[in-house]
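Counting in full-length UniProt numbering, the sequence shown runs without a single skipped number right up to 368 at its last residue.
What follows is a short report on a single structure.
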Amino acid sequence: MTAVVGSGNSVKNIVENLEKLHNVSIGAGVVYYVGIGGLALGGGWSFFSRQHGLLTQNIVEMNVVTADGEILTTNNKQNTDLFAALRGAGGGNFGVVTHFQINAFYANHTLIFLEMSVSIDNFVEIFEKWQQFVFLENLSTSGVIFFTRDIIGIHVVINNYDVEKSREYSKKVSDLFMVPGMTVDVYEYNFTSMYNHFQRYLGDFQGLQKAKSFFVNRILNRNEIERMFLSLKKNLKQFENIVVECVQFGGMIRNLRKHSSYIHNDANYIFEIYSFENETFADSSIAAVNKIMLELSFFSTFYSYQNVVDDDLSIASYYGHKLPFLMHMKCKYDSENLFTFNQSIPLPYYCIENKCNKQSIRNMYWQS
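Structural data, given as structure tokens:
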């Protein structure tokens, strides 16, 4: 079962109309106002990714206008090299995607949304529990933990077609995280209502000032968690406009690897930090974000999420060993570098020197 969506649609348009008209959905991120094109081509995490994979892993076909004006269909049988390049590295690099065909799943049942919060003083104990939660085998459960200068928040969505099982599991999750002083709210939503709920926190991301991320693929010991807490407590104490979050991975994200340029399948979670516009803290909050990232790099893989744009990074942080293949694809499909921005895939030297060999480029795909 698939859905065909135009690349100019917002997450809001897609989620609301798919549920209303067809009782299905796709794993279309979390933020309503994000466009589907960039989200899907760069990764596209959602609360359904552990069950179904990232959005980019669920693209089965795309229509693409290339730099020379050619309209191509890309899938796992046609233009397979471009298909692999677009799935994970396609945003603004090789052409303009006009339509996506994406795997869909049924959305005619009730979701459980679990919302927990507690004082930041409980950080060490809660983060130990978070690491247990990350490895839960129940793939219908997916969560995010976030930190501000004052509080810890935990959001968990349980997507099981049997709502009684979802209710039962929500109790197990809340029991896992329970500490004195924690508040727990449980909501039962359809898909559209769940997305609407999140907009209370996320709003419009146009106020974003600075964003950074790295992937984590190991478990921190207690001393390391305490070190993490000291850094956050010290650097966040004067800033109300900085949010730190960890986003759970695992499940099907690990398993769906074919025809893709997305390399972060084995991560346990993403560590992300956001600074939002605030005239009082403009420069100092950016400095705090940079300092936190430096102090916490001891548990980083040194790879970052391409959908969290960070102009400070080399693009190798996003694409790793896939970068040579992607540079080949850039030469093949955009040798004049029409599609370019600050962190776009660069042309290889042989393309710049007009020594581009299309056949060798084609063969490169099968070695990637």
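The C-beta atom is built at its ideal place from N, Cα and C for all residues, glycine as well.
Note that the coordinates shown come from a computational prediction; the quantities given were computed from them, not determined experimentally.
Three-state secondary structure (DSSP) of residue i
i	result
G8	coil
S261	coil
Y106	strand
D185	strand
Q131	helix
I145	strand
A287	helix
V97	strand
I120	helix
S193	helix
A28	coil
T56	helix
T80	helix
G43	coil
E295	helix
S368	Because S368 carries a pLDDT of 43, less than 50, the predicted location of this residue cannot be relied on, and no value is offered for it.
I315	coil
Neighbourhood of residue i by C-beta, 8 Å cutoff - its chain only, sequence neighbours within 5 removed
i	result
G29	V11, L39, G44, W45, S46, L55
F205	Residue confidence is low: F205 scores 49 on pLDDT, short of 50, so the model does not pin down where it sits. Its coordinate-derived value is still stated next. Cβ within range, chain order: V31, Y33, V34.
E272	A211, K212, S213, V244, E245, C246, V247, Y305, V308
F229	F123, V124, F127
Given residue i as reference, the closest of the options once Cα atoms are compared
i	options	result
K129	L236, I154, E115	I154
Q132	G91, D81, S174	S174
Y33	F299, S300, R200	R200
E115	E137, D185, P180	D185
T2	F341, F105, Q209, G90	F105
V243	F146, N159, V309	F146
F100	R257, L86, I152, S297	L86
I102	S170, V4, G69	V4
H52	S142, T148, Y349	S142
S231	F298, E188, I59	F298
residue 453	K171, I152, K234	Residue 453 falls outside the range modelled here, since the chain spans only 1 to 368, and no answer is possible.
L18	G6, A107, Q57	A107
L323	N23, Q57, A89	A89
G6	Y262, G251, V157, N63	N63
Y262	N290, S317, I225	S317
Residues of its chain near residue i, where Cβ-Cβ distance is below 6 Å and the 5 sequence neighbours each way are ignored
i	result
T183	S117
residue 375	In the structure as shown, the chain begins at 1 and stops at 368. Residue 375 is therefore absent and cannot be evaluated.
A330	The sequence as given places Lys at residue 330; Ala does not occur at that position. Here the set comprises I345, L347.
N160	S140, S166
S300	F214
Residues bridged to residue i (per DSSP)
i	result
I270	F215, V247
N63	T73, H99
H155	E115, V144
K234	Partner(s): none; K234 has no beta bridge.
A85	Its beta-bridge partners do not exist; DSSP assigns none.
G91	In DSSP, G91 forms no bridge with anything.
L208	F276
A3	I102
Nonlocal neighbours in the same chain, by C-beta distance under 7 Å from residue i, ignoring five residues either side
i	result
V163	H109, T110
residue 395	Outside the displayed span of the chain (1 to 368) sits residue 395, for which this structure offers no information.
Y269	V134, V216, C246, V247, Q248, F249
F276	G207, L208, Q209, N241
M364	Because M364 sits at a pLDDT of 48, beneath the cut-off of 50, its placement in the model cannot be relied upon, and the following sentence gives the value as read from the coordinates. Cβ within range, chain order: F325, H328.
H259	N76, T80, F83, A84, R87
V65	I71, G95, V96, T98
A67	G95, Y333, D334, E336, L338, F339
V179	V118, N122, E125, I126
V15	S25, A28, F191, T192, Y195
CA-to-CA distance, residue j to residue i, given in whole angstroms
i	j	result
V134	I219	10 Å
A236	A267	It should be pointed out that residue 236 corresponds to Leu in this sequence rather than to Ala. Their backbone Cα atoms lie some 26 Å apart in a straight line.
S140	N255	16 Å
K20	I315	39 Å
A84	S193	34 Å
S285	V144	23 Å
N79	R227	48 Å
F214	E137	24 Å
N190	N196	10 Å
I361	I112	Here I361 scores only 47 on pLDDT, less than 50, and its place in the model should not be relied on; the value that follows carries that caveat. C-alpha separation (whole angstroms): 48 Å.
E168	S49	21 Å
D150	S119	6 Å
T340	F123	42 Å
A287	F239	11 Å
I253	E61	19 Å
G8	Y319	25 Å
G69	N13	28 Å
R222	H321	33 Å
F177	I352	55 Å
I59	G181	43 Å
F302	H264	11 Å
L313	E188	40 Å
I152	G37	32 Å
H22	T73	25 Å
E224	K171	29 Å
Chain B contact for residue i (CB, 8 Å cutoff)
i	result
I315	In the structure shown, chain B cannot be found, because there is only a single protein chain.
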